[in-house]
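Residue 5 is where the sequence shown starts when you use the numbering used here, and the numbers rise one by one after that. Heads up, the beta-carbon is just placed ideally off N, CA and C, and yes, glycines get one too. Because the structure is a prediction, the values reported are computed rather than measured. Here is the structure we will look at, set down as structure tokens.
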Amino acid sequence: MVDFIVVGGGIAGLRAAIGLADAGRVVVFTKTEASESNTGYAQGGIAVALGDHDSPALHAADTIKAGDGLCDEAAVRVLVEAGPRYVGELIDWGARFARDPAGRLEFGREAAHSVRRVLHAADATGREIGRVLWARVSALSSVETINHGFVTELVVDGGVVDGVRYFDASGEARELRARAVLLATGGAGQVFRETTNPGVATGDGVALAYQAGARVADLEFVQFHPTALAFPGAPRFLISEALRGEGARLVDRAGRPFMTDHDPAGDLAARDIVARGIAREVEAHGGPVYLTLAHLDAAWVRGRFPTIAAMCASLGLDLARDPIPVGPAAHYMMGGVDTDEWGRTSRPGLYAAGEVACTGVHGANRLASNSLLEGLVFGARAATAMRQPPRPAAPKPDRRLIESEAPAPVSAVSLSVDEIRDLMWRSAGLFRDEAGLSAAIAALEAGRTAALAAVEGLACRSSAQWRRLHLLTVAGLVARAARRRRESRGGHYRADYPVRDDRLWRVHVAEQAPAR
Ligand SMILES: Cc1cc2nc3c(=O)[nH]c(=O)nc-3n(C[C@H](O)[C@H](O)[C@H](O)COP(=O)(O)OP(=O)(O)OC[C@H]3O[C@@H](n4cnc5c(N)ncnc54)[C@H](O)[C@@H]3O)c2cc1C
């Protein structure tokens, strides 16, 4: 028994662990190596209203505009008003963000921000933040880390979450109890075949919460990043939006800029618009599209984006001179475990923060560089709530609650991880429709029936089967949410309902498993 369990060692989990350290014993779980998280891969930076021409009100207005009518405005206010304090704390702890020659913080520009607002450490901001937070956590004697500890289930006792079951590094199944459990498990990009996310981002926290009876919300809203590297055989490495913010252009095979054909904001339109613009361009004209920086100063480009330049160089591409082939990939999950502004979920004892949570700050589409800030602010706030006696989040008035229907009786069909990811990319990716989603849901339900039988079979309690079950659970939730929402908004695009419909759909939909 410990006092607090934090599942996840990214920005949200680490900031929470720091906030809990003087209140008892804390255990932080990570699924693989400590450094492997979405946080570690974040490039562009962290948005914060600290610049001379900026204010929390302006940051809130940009966030709400990007969220396409679905942001929880109270949660947005918390994010933008608390942001400067928590980012200031990171700087005090030693975070080295870029500065101008006079030593003032340098703010980068990204799409849909009305001012320069993004603090960055070259193009490896997440790595720098992770370095600072891990250094701080390692110095805290009350915090222990279990790396390669794969959490598979939450322990629920009398309706209260008070522990986790997990596989340790040697594959041994174990249980650990605590006063409060925080899910800070990050995103779910790996549910899709094409993704910028690392292998750990399989949406486990959503599956864990759902299986423990907690509400999950807004899972139809997945952000597809327009510019992942599309080089045959190479991983879908992210080519940050900061490049377009600094003047990079999207061009077709003939070198013609095409984004203004799709939106007046051109290359700096919202991510979902650029992603669909690219997909349509590829479909209409065949062949890849490219990002070009050849018109910018080459030495400046290589100095400003050293990580991306090195990745391109490893494939024989010169970022500053060559056209870089790019295409869309699943990037960020706006929905997740439904929480209040303190990270409380609908289950007492269970909290969620960071990408796994749905605070409502992103609405239907996330403003670039707001997610590191969300993890930082709400990780700290969840720690405050976890120190208090457990109580569930009060239901929010703008949530429509759905109890999952029992799946239609289906025979169990085993689906491989690759088959699940391929199905999701084709049927629940950039362009969705009723027929494709219904077929995907039927296949996913058949797969989940088989995966459930496998983990319940006494002889088959292996971590691989749990991984598949979690992936199928999250994939099914995303596909069902996407089929339910018969409109297009933010990251969710229905080819058969292409228009935003505020009369019926200006609402968050939360789903919960039937009580067992
Ligand atoms: C390539 C890339 C670039 C990005 N760039 C930016 C950017 O510039 N600015 C920005 O704001 N956002 C960016 N994002 C998004 C941002 O990085 C993430 O949303 C954010 O870092 C999530 O932090 P987190 O703490 O919620 O989760 P993560 O950092 O993903 O951490 C999740 C942790 O949970 C652990 N975990 C997961 N499942 C389990 C389990 N079952 N058992 C035990 N442990 C588990 C993992 O091991 C990991 O330690 C980017 C994302 C990617 C992928």
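Task: Secondary structure, alpha helix (DSSP H): runs of 4+ residues fully inside the segment 15-73 - done: 15-24, 42-45 and 60-70
Open item on the list: Contact between the segment 391-403 and the segment 108-124 is defined here as three or more beta-carbon pairs at a separation below 8 Å; is this criterion met?
Closed with: No, because fewer than three Cβ pairs between the segment 391-403 and the segment 108-124 fall closer than 8 Å, the two stretches do not touch.
Open item on the list: I'd like to confirm the pairing. Which residues does DSSP put opposite Gly-331 in its beta bridges?
Closed with: Position 327 of the sequence shown, counted from the start, is the residue given in the question as residue 331. Paired residues: Ala-232.
Open item on the list: Check this for me: beta carbons of Val-417 and Ala-468, under 8 Å apart or not?
Closed with: Start at 1 with the first residue of the sequence shown, and residue 417 comes out as number 413. Start at 1 with the first residue of the sequence shown, and residue 468 comes out as number 464. No, these two residues do not count as a Cβ contact at 8 Å.
Open item on the list: Between Leu-180, Asn-201, Ser-492 and Ala-485, which has its C-alpha nearest Gly-44's C-alpha?
Closed with: Residue numbering aside, residue 44 sits at position 40 when the sequence shown is read from its first letter. Ranking Leu-180, Asn-201, Ser-492 and Ala-485 by Cα distance to Gly-44 puts Asn-201 first.
Task: Contact check, Met-315 vs Gly-495, beta carbons under 8 Å - done: Here residue 315 refers to the residue found at position 311 of the sequence shown. Here residue 495 refers to the residue found at position 491 of the sequence shown. No.
- [ ] Please confirm whether Thr-34 and Gly-12 have their CB atoms less than 8 Å apart.
- [x] Position 30 of the sequence shown holds residue 34. Position 8 of the sequence shown holds residue 12. Taking 8 Å as the cut-off, the Cβ atoms of Thr-34 and Gly-12 count as close.
Task: Range covered by the alpha helix (DSSP H) that runs through Gln-215 - done: Residue 215 sits at position 211 when you count from the first residue of the sequence shown. Here the alpha helix (DSSP H) through Gln-215 covers 208-215.
- [ ] Note down the Cα distance separating Lys-69 from His-366, rounded to an integer number of angstroms.
- [x] Stepping through the sequence shown from its first residue, residue 69 is reached at position 65. Stepping through the sequence shown from its first residue, residue 366 is reached at position 362. CA-CA distance, Lys-69 to His-366, rounds to 10 Å.
TODO: Take the Cβ of Asp-342 as the centre, count every other Cβ of all protein chains shown within 10 Å, and call the residue buried at 16 or more, exposed below.
DONE: Looking up residue 342 in the sequence shown gives position 338. When all chains shown are included, Asp-342 counts as buried.
- [ ] Compute the beta-carbon to beta-carbon distance between Leu-376 and Gly-130, rounded to the nearest angstrom, for a pair I have assumed lies under 8 Å.
- [x] Start at 1 with the first residue of the sequence shown, and residue 376 comes out as number 372. Start at 1 with the first residue of the sequence shown, and residue 130 comes out as number 126. At roughly 7 Å, the Cβ-Cβ gap stays under 8 Å, so Leu-376 and Gly-130 are in contact.
Open item on the list: Measuring alpha carbon to alpha carbon, tell me which residue in Arg-493, Gly-461, His-289 and Arg-308 is nearest Arg-113.
Closed with: Within the sequence shown, the letter at position 109 stands for residue 113. With distances taken between Cα atoms, Arg-113 lies closest to Arg-308.
- [ ] Within 10 angstroms of the Cβ of Glu-287, are there 16 or more other Cβ atoms? Answer buried if so, exposed if not.
- [x] Taking the first residue of the sequence shown as 1, we reach residue 287 at position 283. Burial call: exposed.
Open item on the list: According to DSSP, Gly-112 sits in a beta bridge with which residue or residues?
Closed with: Start at 1 with the first residue of the sequence shown, and residue 112 comes out as number 108. BP columns for Gly-112 point to Val-122.
Open item on the list: With distance defined between alpha-carbon atoms, name the residue in Val-155, Leu-186, Gly-162 and Gly-167 nearest to Ala-173.
Closed with: Stepping through the sequence shown from its first residue, residue 173 is reached at position 169. Ala-173 has its Cα closest to that of Val-155, out of Val-155, Leu-186, Gly-162 and Gly-167.
- [ ] Check whether the segment 120-130 touches the segment 94-105, counting contact only when three or more Cβ pairs, one atom from each stretch, lie closer than 8 Å.
- [x] yes
Open item on the list: My output table needs one value for Tyr-355: the three-state DSSP class, helix, strand or coil.
Closed with: Locating residue 355 in the sequence shown gives position 351, where the first residue counts as 1. DSSP places Tyr-355 in strand when its eight states are reduced to three.
Task: Anticipated Cβ contact below 8 Å, Leu-419 with Ala-447, distance rounded - done: Here the question's residue 419 lines up with position 415 in the sequence shown. Here the question's residue 447 lines up with position 443 in the sequence shown. The Cβ separation is near 7 Å, so the contact holds.
TODO: Between the Cα of His-289 and those of Ala-303, Phe-262 and His-299, spot the shortest distance and give me the residue it belongs to.
DONE: Locating residue 289 in the sequence shown gives position 285, where the first residue counts as 1. Among Ala-303, Phe-262 and His-299, the Cα nearest to that of His-289 belongs to Phe-262.
- [ ] State yes or no: is the C-beta of Ile-15 nearer than 7 Å to some heavy atom of ligand 1?
- [x] The sequence position of residue 15 within the sequence shown is 11, counting from 1. Checking the Cβ of Ile-15 against ligand 1 gives yes.
- [ ] Determine the DSSP secondary structure at Arg-169, reduced to helix, strand or coil.
- [x] Taking the first residue of the sequence shown as 1, we reach residue 169 at position 165. It is a strand residue.
Task: Cβ neighbour criterion (16 or more within 10 Å) applied to Met-428 - done: Position 424 of the sequence shown, counted from the first residue, corresponds to residue 428. Buried, because 16 or more other Cβ atoms sit within 10 Å of the Cβ of Met-428.
Open item on the list: So, with DSSP's three-state summary, where would you put Asp-342?
Closed with: Taking the sequence shown and counting its residues from 1, the one referred to as residue 342 is at position 338. Residue state, collapsed to three classes: strand.
- [ ] Assign Arg-140 to one of three DSSP states: helix, strand, or coil.
- [x] By one-based count along the sequence shown, residue 140 stands at place 136. Helix.
Open item on the list: When you measure from the CB of Asn-42 to every non-hydrogen atom of ligand 1, does any distance come out below 7 Å?
Closed with: Translated into the one-based positions of the sequence shown, residue 42 becomes position 38. Checking the Cβ of Asn-42 against ligand 1 gives yes.
Task: Those residues which DSSP pairs with Tyr-497 across a bridge - done: Reading the sequence shown from its first residue, position 493 is the one you call residue 497. In the DSSP output, where bridge partners are listed per residue, Tyr-497 has none listed.
Open item on the list: Quick check: the Cα distance between Pro-88 and Ala-188, rounded to an integer number of angstroms?
Closed with: The sequence position of residue 88 within the sequence shown is 84, counting from 1. The sequence position of residue 188 within the sequence shown is 184, counting from 1. Going from the Cα of Pro-88 to the Cα of Ala-188 covers about 22 Å.
- [ ] Take every Cβ of the segment 435-442, pair it with every Cβ of the segment 498-505, and state whether three or more of those distances are shorter than 8 Å.
- [x] Because the criterion of three Cβ pairs below 8 Å is met, the segment 435-442 and the segment 498-505 touch.
TODO: Look up Glu-407 in the DSSP assignment and say whether it is helix, strand or coil.
DONE: As a working note, residue 407 is residue 403 in the sequence shown. Looking at Glu-407 - three-state DSSP - the assignment turns out to be strand.
- [ ] Compute the beta-carbon to beta-carbon distance between Val-360 and Gly-340, rounded to the nearest angstrom, for a pair I have assumed lies under 8 Å.
- [x] As a working note, residue 360 is residue 356 in the sequence shown. As a working note, residue 340 is residue 336 in the sequence shown. With 8 Å as the limit, Val-360 and Gly-340 qualify as a contact, their Cβ atoms being about 5 Å apart.
Task: Simplified DSSP state of Val-511, which is helix, strand or coil - done: Translated into positions along the sequence shown, residue 511 becomes position 507. The answer is coil: DSSP assigns Val-511 none of H, G, I, E or B.
Task: Between the CA atoms of Ala-517 and Glu-176 - distance to the nearest angstrom - done: To locate residue 176, count along the sequence shown from 1; it is residue 172. To locate residue 517, count along the sequence shown from 1; it is residue 513. Approximately 29 Å, taken between the alpha carbons.
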